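Protein chains in written order, with the working numbering: chain A, 1 to 552; chain B, 1001 to 1287.
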Amino acid sequence: MKEFSVLIGGKAGDGIKQAGIMAAKIFGELGYRVFLYDDYPSLIRGGHNFCIIRASKEEVLSHNNQVDLILALNRETIERHQHRLKKGGEIIYSSRIEGVSRGVGIGFEEIVKELGGIPIMKNSAAIGALSALLGIERQVLDGVFEKNINKQLDLNKEIAGRAYAEIKEVLFKVERLDSEPLPLFTGNEAIALGAVNAGLDLYIAYPMTPATSILHFLAEQQDRLGVVTVHPENEISVATMALGAAYAGARTMVGTSGGGFALMTETVSFAGQAEIPILFVECQRAGPGTGVPTYTMQADLLFVLNSGHGDFPRLVVAPGDAEEAFYLSGLALDAAWHFQIPAFLLSDKHLSESIFSFTYPEGEREKPPMVAWKGGEGQYKRYAFTESGISPLAFPGQKGCIVKATSYEHDEYGITTEEPEKIMKMQDKRLKKKEGLVHFLEKTEQVKVYGDRDSKTCLVCWGSTKGACVEAALELGLKVVQPLVVEPFPERQFRQALGSSNRLIGVEVNATGQLSRLLSSYGIHMDSTILRYDSLPFTPDDLKGRLKEATS
Amino acid sequence: MRSIKELGTYAENTWCPGCGNFGILTAVKKALVEAFEGGMKAEDVVMVSGIGCHAKIVDYVNVNSFYSLHGRVLPPATGISLSNPELTVICHAGDGDAYGEGIAHLIFTAKRNVDITLIVHDNRVYGLTTGQFTPTSPEGFKGRSTPKGSPERPINPLELVLSAGATFVARGYSGKIGHLKNLILEGVSHRGFSFIEVLQPCYTFFNTYSFYNERVYELEEGEGGTSDRNLAVSLARKWSYDSVDASIPIGIFYKEQRPTFQERILGDRPLLKRKGQDVFGFIKEAV
């Protein structure tokens, strides 16, 4: 089998995500590339949760609607999802669910009860049964449990083992591949790790889905990774605390979703004026307003690009998978510190909370160094005029200098000024840094191209939509262009990437085609757009259908 | 070692003649000179300010400074001290900053016991925006946004920070510079969040000089400044910020020791001295 997909569903509180992760780890252990889509409503108990785990011999960056197996812990799962089953697909279900017409019923609850477990452990039974039905060796199952379960490992293993033993017949055999297992990370974990790799000292955040798991991950791993995490009273405190920390020398990142970012925008502008480096991670969710908290959208692109009053340079990057997230968060943090600007990483629920088989980005990344003050003659000037507009950085506590940072317009020392000539000169100094930023970015890959490079039809997408877009395009023989950097917009690389394509289709998960509108301002016009804004991501199978309609 | 003169800058002072801020500026400079004489290093001092008349103080003192946004004094100060706990962070805020726009930060900074000092320049009127009522203006205050008189009662900031968990609570008066200087020195040397409310007349929009001169008295040794919270609250309640027939105590109201936010968050591993960010090893282990 080249690839297969399993849907696991139950009610919130059943440990569905944990079961999904265990399944993904098992497939990963066998050498498969996996993608896990996690779907859950905004509540703690009772609603319907499901995840789709897609395993493939090749790189896989999205799930499909169609699945080969459904693992149902409750009736609702079958009712909601049986239409997804491919021909020949099967349902594995709790035998407490009556009247199921096909598949295998197993007494998950009975096994748990008999062995003295607690109700949530039926997810271990489910994983045991799934492994047996897929012909996966027992030691692979045990190994994954041992590596990933801390609490009551033996009992969970016993429960999984009992369910495993109850299966007498293999539904279809999942072969072990030659490939080495890859680590599995969510997009958020990749963002966090990329930043730590670029020397992150401090992560500050107020919980907000779908950014929260960055905070959870870094808080849990803080000692291992050498970072500090803080959870303050609100996003305003988050962002301004981060600026203070950066002023004193700590590489700092903050993370939130659109609503939280709205509160941070005064700090965006402050960072621009005071030239304090900071990395904002904005994990978009379906808006406007509180929107649909646990579902996805790409509707904050123009908001982030235009956030903060006044004119100042900024960097905005938009990764489309975990590897790009790792690469771009590190690049953005380094660039923020080199150019002393605010930088932004745009993610969304679909990237942030999906799980990817992670490959370490190949090759050396460009690492612009911090421009440090080297001491010397005369008084330190925090905002010294230089050729590049970048003033050497010093920090309070450093001997022989006084560091004055300010939100007011200021002179070279950082003292307030209201003199027109000085105001203009300082504005020009800050804006000058954009030239250097553009020059630096030209050395990096800012735009990616996939699929048939000679195709006249080219899909233009950004962020997590890449996964579905690239897969659909490969099958239909089309081309895909994806900008990784959206500000400063890489116009030259983008036009080069479009090449001779003359039919451009913008594919975005928002209602108004925000990237398409941005591209128009550079004179690049989409011939049509395919938009999805029901709070769900594109999948390759549904996108293929819409592309066929659009191109016929 | 710096002198008062060396602590000045070339910035032109634009406070109104008679402004209470001058008294606070002098007290701060005197406190700094004394602290430097006692061994504090000038490069280790950071002043943080909000926005308003008070905030110009950072332009007038030749030390490290962070001129923040309105209301956002305490979060960046917290960030600065987390980054480098060896720094002495002295915050300046107006009553609009501390008790209006940034009141959530005040409560949480007290709750966390962040090891910084906050000096509130409380003139009980918005000066730079030309005379509106503030959170501590008396009820009925006729400002330009409340020509019929403020419809709100003032808050009592001392009671507020005491209940929020501040570990050093004091009040000074800009007309008593020597006394204020001592409060600042005590606050700076206190390990934890030091809150110093300073009564400060606004010569132009709310001239309270004679009001305070007639009512302010210094707490005697032993009258406050202990970890007796009830005593501190009763001292704070002697004047409601509204009444005119009260005497107004100044001095240290409350003082206690408990672990600071920096100690709790950082332990014995200062942020900028942490080592070993082995991401590659972490990723390998995750397989």
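Every residue gets a Cβ at the ideal spot worked out from N, C-alpha and C, and that includes glycine.
Computed from a prediction, not measured in an experiment: that's the story for all the values here.
Identification of chain B residues near A/G376 by a Cβ-Cβ cut-off of 8 Å yields none; the smallest Cβ-Cβ distance measures about 16 Å.
Of the other Cβ atoms in all chains shown, 16 or more fall within 10 Å of the Cβ of B/N1182; this residue is therefore buried. Counting only the Cα atoms, A/E445 lies some 9 Å from A/V485.
Note on the stretch 300-331 of chain A: whole alpha helix (DSSP H) runs with a minimum of 4 residues are 301-306, in chain order. Between B/V1073 and B/A1093, the C-beta spacing is below 8 Å.
Comparing alpha-carbon positions, the option among B/G1175, B/C1202, B/V1046, B/S1234 lying closest to B/T1129 turns out to be B/C1202. Residues of chain A with a Cβ closer than 9 Å to the Cβ of B/R1274 are, in chain order, D201, G226, V227, V228. Check the Cα spacing between A/K404 and each of B/G1172, B/N1013, B/W1015, B/S1049: the tightest is with B/S1049. Check the Cα spacing between A/K367 and each of A/A343, A/A394, A/T386, A/W337: the tightest is with A/W337. At a cut-off of 8 Å, the C-beta of A/V196 has a neighbouring C-beta in chain B.
For secondary structure counted as the beta strand (DSSP E) over 3 or more consecutive residues, the stretch 143-203 of chain A holds these complete runs in sequence order: 184-186. Unbroken beta strand (DSSP E) stretches of 3 residues or longer found wholly inside the stretch 378-452 of chain A: 404-406, 447-451, given in chain order. Our two residues, A/A55 and A/Y32, have alpha carbons roughly 6 Å apart in a direct line.
With a threshold of 16 other beta carbon atoms within 10 Å, A/I44 falls short and is exposed. When A/V238, A/Q496, A/K349 are compared, the shortest CA-CA separation from A/P293 is found for A/K349. Look at A/S237: its C-beta is under 8 Å from a C-beta on chain B. For the stretch 401-416 of chain A, the set of positions with a beta-carbon nearer than 9 Å to some beta-carbon of chain B reads C401, I402, V403, K404, A405, T406, S407, Y408, H410, Y413, G414, I415, T416 in chain order. The C-alpha of B/P1076 is placed about 5 Å away from the C-alpha of A/T240. Just so you know, the alpha carbons of A/Q18 and B/V1233 end up roughly 51 Å apart.
Per the C-alpha coordinates, the member of B/D1122, B/V1279, B/A1042 positioned closest to B/A1170 is B/D1122.
If you draw a straight line from the Cα of A/M264 to the Cα of A/M121, it is about 41 Å long. Between the stretch 57-74 of chain A and the stretch 533-549 of chain A, the count of Cβ pairs shorter than 8 Å is three or higher; the stretches touch. Check the Cα spacing between B/A1011 and each of A/E418, A/V481, A/N74: the tightest is with A/E418. In the three-state reduction of the DSSP assignment, B/R1264 falls in the helix class.
Separation of A/E266 and A/V238 (C-alpha to C-alpha, rounded to the nearest whole angstrom) is 12 Å. In this structure the stretch 153-168 of chain A lies against the stretch 106-124 of chain A, because at least three pairs of beta carbons, one per stretch, are closer than 8 Å. Non-local C-beta neighbours of A/C51 in its own chain, meaning closer than 7 Å and more than five positions away in sequence, comprise I8, I16, K17, G20, L36, Y37, D38, D39, ordered along the chain.
Segment contact: the stretch 203-223 of chain A against the stretch 1252-1260 of chain B, fewer than three CB-CB distances shorter than 8 Å; contact not assigned. Sequence-distant partners of A/K381 (beyond 5 residues in either direction) whose C-beta falls short of 6 Å from its own C-beta, in its chain, are E412, Y413. Scanning chain A for C-beta atoms nearer than 8 Å to the C-beta of B/R1002 yields nothing, as the closest lies near 11 Å away. For the pair of segments examined, the stretch 376-392 of chain A was found not to touch the stretch 1030-1050 of chain B: the number of CB pairs separated by less than 8 Å stays below three. Residues Y206 of the same chain have their beta carbon placed closer than 8 Å to that of A/E233, with the five preceding and five following residues left out of the count. Per the coordinates, the alpha-carbon of A/L346 lies some 14 Å from the alpha-carbon of A/K466. Taken atom to atom, the span from the alpha-carbon of A/N74 to that of B/F1195 is near 57 Å. The continuous alpha helix (DSSP H) containing B/K1284 extends over residues 1279-1285. As summarised for the stretch 1147-1186 of chain B, the continuous alpha helix (DSSP H) elements at least 4 residues long and confined to that stretch are 1157-1164, given in chain order.
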